[in-house]
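Visitor:
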Amino acid sequence: MIHPSVLISGEILPADQVALRPGQVGLFTGWGIFSTLRVISGVLFAFDRHWARMRRDADLLRVPFPWPPAELEQQLLRLVEANHAYDAAMRVLVMRNRGTVWEGPGIARDFDLVAFTAPLQPWGESARLGIVPQGRHAASPFAGTKSASWAMNVVWYEEAHSRGLDEVILLNERGEVSECTSANIFAVFGREAVTPPLDSGCLPGITRELLLEVIRVPGIRLSERALTLEDLERADGLFVTSTTRDVLPVASVEGLSIRTDWTVAHELAKAVADYQAQYVATARRRATRPA
């Protein structure tokens with residue numbers, strides 16, 4: 497359940513008193529973009545990367561996104577303070593209010609920024625996955641976009657839990673592994689961790705991006721290439737990544753026989769935790785410098 501206060505276009509309001517109107521077209525069509533951030537010790541982790549992805553998605557979906565990074569960050573930090581959500585998850589949504597014949601009268605703003613926080617989810621030590629064929633359309637120009645039209649992902653996630661699973665692997669139209677409903681997936685071969693490329697239809701996850709571009713562990717190589725279900729069975733181990741899961745090993749995949757050597761996953765999980773601690777320390781030092 498979310499925390500008591502929400503941010504609505506610059507105002508901090510009680511979550512149970514927020515009024516949304518049917519004429520806000522994005523509300524009922526999913527015409528908006530969003531991102532899920534991690535708040536660590538009061539710092540918005542990897543905020544610039546989240547901002548850049550939202551900026552790109554907003555341009556693609558014709559959603560207004562007028563804030564420079566520092567301005568949006570300050571608005572979101574006000575919500576962190578209001579909820580005392582210093583170690584939490586944050587959802588940030590930008591929703592279109594105008595357009596189509598369903599636009600309502602008296603809509604004052606072209607769009608709304610909506611943000612709320614929630615406690616971190618305990619994910620456990622590993623994940624059990626299922627498989628969904630045709631879950632991603634890699635050839636779509638909107639593939640990899642974090643759109644507010646997220647219902648299919650929620651349905652697949654809920655169905656997974658009804659079967660005693662934690663998540664599902666989504667295959668694209670070519671039968672290749674793409675991603676999970678809210679996580680990227682990696683397969684480990686020896687000391688190499690491989691994840692599907694963006695042209696598989698997967699989301700450019702922030703943890704995925706950090707592992708590929710920034711975080712380094714001696715002796716471990718990170719790369720991208722197409723993966724099949726057969727590749728997952730050949731791998732020494734699997735893990736998923738996301739903003740709230742960090743690096744989470746995979747214990748089983750429904751219908752597959754997989755190996756569970758989590759050595760590389762655990763090393764990368766420690767490297768991610770170390771990078772987070774360094775990022776937070778740097779952000780705090782920067783915030784205390786005199787102007």
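All residue numbers for the sequence shown refer to our numbering, where the first residue is 497 and numbers rise by one. Ideal Cβ placement from N, Cα and C applies to all residues, glycine included.
(1) List the DSSP bridge partners of Met591.
(2) Decide if Phe524 is buried, meaning its Cβ has at least 16 other Cβ atoms within 10 Å, or exposed.
(3) Hey, is the region 710-730 in contact with the region 659-677, meaning 3+ C-beta pairs nearer than 8 Å?
(4) Do Phe612 and Ile529 come within 7 Å of each other at the CB atom, strictly closer than that value?
(5) How do the region 553-561 and the region 592-608 stand: do at least 3 beta-carbon pairs fall below 8 Å, yes or no?
(6) Could you check the C-alpha separation between Gly751 and Arg781 for me, to the nearest Å?
(7) Whole angstroms are fine: how far does the CA of Gly602 sit from the CA of Ile716?
(8) Measuring only the C-alpha atoms, how far is Ala679 from Val736?
(9) Return yes when the Cβ of Val743 is within less than 7 Å of the Cβ of Leu625, no when it is not.
(10) Could you tell me which of Val588, Gly538, Val768 sits nearest to Leu707, measuring between CA atoms?
(11) Shortest alpha-carbon distance to Gly733 belongs to which of Ile754, Arg741, Val713?
(12) So what's Ser658 in DSSP terms, helix, strand or just coil?
(13) Just curious, the alpha helix (DSSP H) that Asp742 is in, first and last residue?
(14) Could you tell me whether the Cβ atoms of Arg594 and Trp527 are closer together than 7 Å?
Guide: From the atom records:
(1) The sequence position of residue 591 within the sequence shown is 95, counting from 1. Looking at the DSSP assignment, Met591 forms a beta bridge with Gly528, Asp608.
(2) Taking the first residue of the sequence shown as 1, we reach residue 524 at position 28. Phe524 should be labelled exposed.
(3) yes
(4) Position 33 of the sequence shown, counting from 1, holds the residue named residue 529. Position 116 of the sequence shown, counting from 1, holds the residue named residue 612. Not closer than 7 Å, so no.
(5) yes
(6) The residue given as residue 751 occupies position 255 in the sequence shown. The residue given as residue 781 occupies position 285 in the sequence shown. Each residue's Cα considered, the two are about 49 Å apart.
(7) Sequence index remark: in the sequence shown, residue 716 carries index 220 (1-based). Sequence index remark: in the sequence shown, residue 602 carries index 106 (1-based). Approximately 57 Å, taken between the alpha carbons.
(8) Residue mapping note: residue 679 aligns to position 183 of the sequence shown, counting from 1. Residue mapping note: residue 736 aligns to position 240 of the sequence shown, counting from 1. Those two C-alpha atoms are separated by around 6 Å.
(9) Stepping through the sequence shown from its first residue, residue 625 is reached at position 129. Stepping through the sequence shown from its first residue, residue 743 is reached at position 247. No, these two residues do not count as a Cβ contact at 7 Å.
(10) Counted from its first residue, the sequence shown places residue 707 at position 211. Closest option to Leu707, Cα to Cα, is Val768.
(11) Stepping through the sequence shown from its first residue, residue 733 is reached at position 237. The shortest C-alpha separation from Gly733 is found at Ile754.
(12) Within the sequence shown, numbered from 1, the residue matching residue 658 stands at position 162. Three-state result, Ser658: helix.
(13) Along the sequence shown, one-based indexing puts residue 742 at 246. Premise fails: Asp742 lies in the beta strand (DSSP E), 742-749, not in any alpha helix (DSSP H).
(14) Locating residue 594 in the sequence shown gives position 98, where the first residue counts as 1. Locating residue 527 in the sequence shown gives position 31, where the first residue counts as 1. Cβ distance not < 7 Å, so Arg594 and Trp527 don't count as in contact.
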